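One line per chain: the protein sequences are A and B, in this order. Take the first sequence: its position 225, counting from 1, is numbered 225 in the UniProt record's numbering, and each next residue is one higher. Take the second sequence: its position 22, counting from 1, is numbered 22 in the UniProt record's numbering, and each next residue is one higher. Even glycine gets a Cβ: it sits at the ideal position worked out from N, Cα and C. Quick caveat, the model's predicted, so the values are computed rather than measured.
2 protein chains.
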Amino acid sequence: MSGGDVRLARAYLSRVAEPPAPALSEFVAECGPVEAARRVRSGDVPGSVANQTSARRGEYRAEEDLAAVEEIGGRLVVPEDDEWPEWPFNALTIAAAHGLRCGLAPLAVWVRGSGDLAALTERSVAVVGSRSATGYGQHVAAEFGFGLAEAGVTVVSGAAYGIDGAAHRGALAAGGPTIAVLACGVDIAYPAGHQGLLERIPRHGLVVSEYPPGCRPARYRFITRNRLIAALGEGTVVVEAGRRSGAKNTAASTSALGRVLMAVPGPVTSSTSSGCHELLRSGEAQPVTSVAEIIESTGRLGVDLVEATRNTEVGLPQGEALRVYEALGLRSGTSAEAISIESGVELSRVRALLPELELIDLAERVDAGWKRSHEGSSRGDT
Amino acid sequence: MSGGDVRLARAYLSRVAEPPAPALSEFVAECGPVEAARRVRSGDVPGSVANQTSARRGEYRAEEDLAAVEEIGGRLVVPEDDEWPEWPFNALTIAAAHGLRCGLAPLAVWVRGSGDLAALTERSVAVVGSRSATGYGQHVAAEFGFGLAEAGVTVVSGAAYGIDGAAHRGALAAGGPTIAVLACGVDIAYPAGHQGLLERIPRHGLVVSEYPPGCRPARYRFITRNRLIAALGEGTVVVEAGRRSGAKNTAASTSALGRVLMAVPGPVTSSTSSGCHELLRSGEAQPVTSVAEIIESTGRLGVDLVEATRNTEVGLPQGEALRVYEALGLRSGTSAEAISIESGVELSRVRALLPELELIDLAERVDAGWKRSHEGSSRGDT
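Written out as structure tokens, the structure is:
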């Protein structure tokens, strides 16, 4: 059988059943895509498969669909292709084998853009969140999108208003890469307000969908779509989410697929962060506050980036030396005896410590005794 | 010996050494406060004690100090008193016994106000944070202070500007109770801008300090004071803290003392929340976003557990405590992290439960971490 036959067969199968269709997937695994397509089309299938395919088995538009997607610079990626994201989608197959609702790899994915799907998902993080995001959430999503793309990490999201859009835009501002996974055909601009964004993404990455060209978005398709966002990222960052945000669904899939779930803290007074805080408090997600921490959490080296953000301590004296230093006057001098009583440090120790403090510019000798030096008093304020 | 002698002796001892003074504490434990005071005053003490007392041993002002604090409606609370907070200060003694820097119970505490120190610390939470707090942080601290006080939970803090002040004010707005632990004498208004606040607190709670009247604040005294804030609360909530805020020090003491450490999430764009986020990301603190969550996190489980096991023959812990106990090694020590993984109990809870298991002889600290104590493993283990 030629690759063409396989592509035609899977193009047909991707339209004939509403994903996820476990029985059909199993059937395809058993007798191969070409034979499966032939039998589905002729209705010669087990009952379970018939239930999932009988309604649309007459819808044979494989050639037209492939032509339509090609016209907009797209193609159908099938498991038989080199650019099929083997590992990312494996998690879905495993999950399905364990009866997890978030499971089941797609039969094929329609993609739009020049990037290679397998290559783009080798280092990738999903950034998702509420559509009704705050300025804070959109700012953080854009910053993370930019920083991840700049670090060569593909930003995967759902092209929705709010967090999704901000994450994609941030990645594009850094020249990509970014992947938008849609709940409709890759030829449809949804949401309409993101038409421009969806035109730009293919130039720096890919628009991906398991739905055939012309397929309209529907609520249940967003839920189904979310599992692909979770699967295509090494981890998922929830930037902002209310208690019942769709992002919580992507978060659940992420955990179920064994991917790293991360959440961004926000003001506890903001209801759009309450979903994130729930995930943090339950321990399901780990908090991330920077691109460096996201990279660290998803396990790709980048610990050095985190180190860079850590502060270094200022060398203040410890123990008795600190007590002596604190007992020093700011302007006028204090006698060693008075310092001893104030600090509770033995007079002999005080006499020994004062010159040491002088050496490191924390104390200076004056007529009346000792005082803090100006360098010293300007140091590390606890 | 009369209670008066003991109080005079401890009043003198609280001035003669700069706390924490381990050698002096040990000396007092050995020969009792009255004899210890007499010998310190006459200089007839071991070298280690002399190092801590020789500088001020001539400073005998016990009567004046007691009179001065009485004049402002205060008193000296000593371990021999009923209102000595046995349970809270126990953690300090245990920590000191294991050489933890945050350890060592005070020799006595000067208090100002009508409240009973033991009663006020039976249900209490420390609320701390940055002095350079944002409007957000102060709002949250005030809300938490109000809600905790309203729920009958004493709000413990340090009377500093920023988060501390907001927490105290919130508690006062609910009619208290609240406790301010100072790094100077209870007769000194520090910071000066909080004079009014420090006048109001004694009417609804207590102002507490281990420093004698007239003692001035100093940087190292804030560090020393922080351990008392951590010890007097069942848990500590860090509302806002930069990476190098003093609140990080109180947080460290909280964990070391086996208390529940909590942190409030904030905008990741705010440097005054970065310290909180560090504590959350390291797993040292658990996130709290409401008074209900604070009460849930501090839970009474630990205390209930102790009572339960004291009142039953087979004193086996329940719930999380049981899981932690089961995860303990029989011979060799196990780290808190390993116990957390093994038991599936959150690391911060494990850190809180272990010292409680130790108090009831079910667990013991060893070099490598924690193991079951022999008493513990000999109990009806079914």
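- When C-beta distances to chain B are compared with 9 Å, every residue of the segment 42-64 of chain A stays at or above that value.
- A distance of 9 Å or more separates the beta carbons of B:A36 and A:I341.
- In the structure shown, A:L261 adopts extended strand secondary structure according to DSSP, grouped into three states.
- The straight-line gap separating the alpha-carbon atoms of A:V34 and A:V6 is approximately 6 Å.
- In the DSSP annotation of this structure, the continuous segment of the alpha helix (DSSP H) that includes B:I229 starts and ends at R219 to L232.
- Close partners of B:P20 in chain A (Cβ separation under 7 Å) are lacking, with about 11 Å as the shortest Cβ gap.
- In the three-state reduction of the DSSP assignment, A:L280 falls in the helix class.
- In the three-state reduction of the DSSP assignment, B:R372 falls in the strand class.
- Within the same chain, A263 and P287 come within 6 Å of A:L280 by CB-CB distance, once the 5 residues on both sides are set aside.
- In terms of Cα proximity to A:S14, the closest of A:P217, A:E30, A:P212 and A:R227 is A:P212.
- In the DSSP annotation of this structure, the continuous segment of the beta strand (DSSP E) that includes B:G235 starts and ends at G235 to V238.
- At least 9 Å separates the beta-carbon of A:H204 from that of A:T236.
- Of all C-beta pairs linking the segment 177-192 of chain B to the segment 119-127 of chain B, three or more are shorter than 8 Å, placing the two stretches in contact.
- In this structure, B:I201 is the residue among B:C184, B:G185, B:L197 and B:I201 with its C-alpha nearest to the C-alpha of B:T154.
- The closest CA to that of A:V140, considering only A:G266, A:P355, A:G344 and A:N51, is found on A:G266.
- Taking the CA atoms as reference points, B:A68 sits about 27 Å from A:E346.
- It is roughly 52 Å from the alpha-carbon of B:Q195 to the alpha-carbon of B:G329.
- The residues E83, in chain order, have a CB closer than 8 Å to that of A:D116 in the same chain once the five nearest residues on each side in sequence are set aside.
- Residue environment for A:T298: buried (at least 16 other C-beta atoms within 10 angstroms of its C-beta).
- In chain B, no part has a C-beta under 9 Å from the C-beta of A:I295; the shortest such distance is about 14 Å.
- Contact between B:V77 and B:A108 is confirmed by a C-beta separation of about 7 Å, below the 8 Å threshold.
- Beta-bridge partners assigned by DSSP to A:A363: A:R372.
- Taking all protein chains shown into account, A:W87 has fewer than 16 neighbouring C-beta atoms within 10 Å of its C-beta and is therefore exposed.
- For A:I360, the nearest beta carbon of chain B is not closer than 9 Å to its own beta carbon.
- With respect to the 9 Å criterion, B:A251 and B:V128 are classified as neighbours on the basis of their beta carbons.
- At the C-beta level, B:W110 and B:V40 stay beyond 9 Å of one another.
- The alpha-carbon separation between A:G74 and B:N249 amounts to approximately 57 Å.
- Proximity of chain B to A:I341 at the Cβ level (cut-off 8 Å) is accounted for by A55, R56 and E59, in chain order.
- In chain order, L280, R281 and G283 make up the part of chain B whose C-beta sits under 9 Å from the C-beta of A:Q286.
- The way I'd put it, the segment 94-104 of chain B does touch the segment 17-30 of chain B; three or more beta-carbon pairs between them come closer than 8 Å.
- Under the three-state reduction of DSSP output, B:A126 falls in the strand class.
- In the three-state DSSP reduction, A:A105 falls in the coil class, being neither helix nor strand.
- DSSP, read as helix, strand or coil, puts B:S132 in coil.
- Take the alpha-carbon of B:L104 and the one of B:G145: they are about 28 Å apart.
- If you look at B:T254, you'll find it isn't in any beta strand (DSSP E); it sits in the alpha helix (DSSP H) that goes G246 to A256.
- R243, R244, G246, V264, P265 and G266: these are the residues of the segment 233-266 of chain B whose beta carbon lies less than 7 Å from some beta carbon of chain A, given in chain order.
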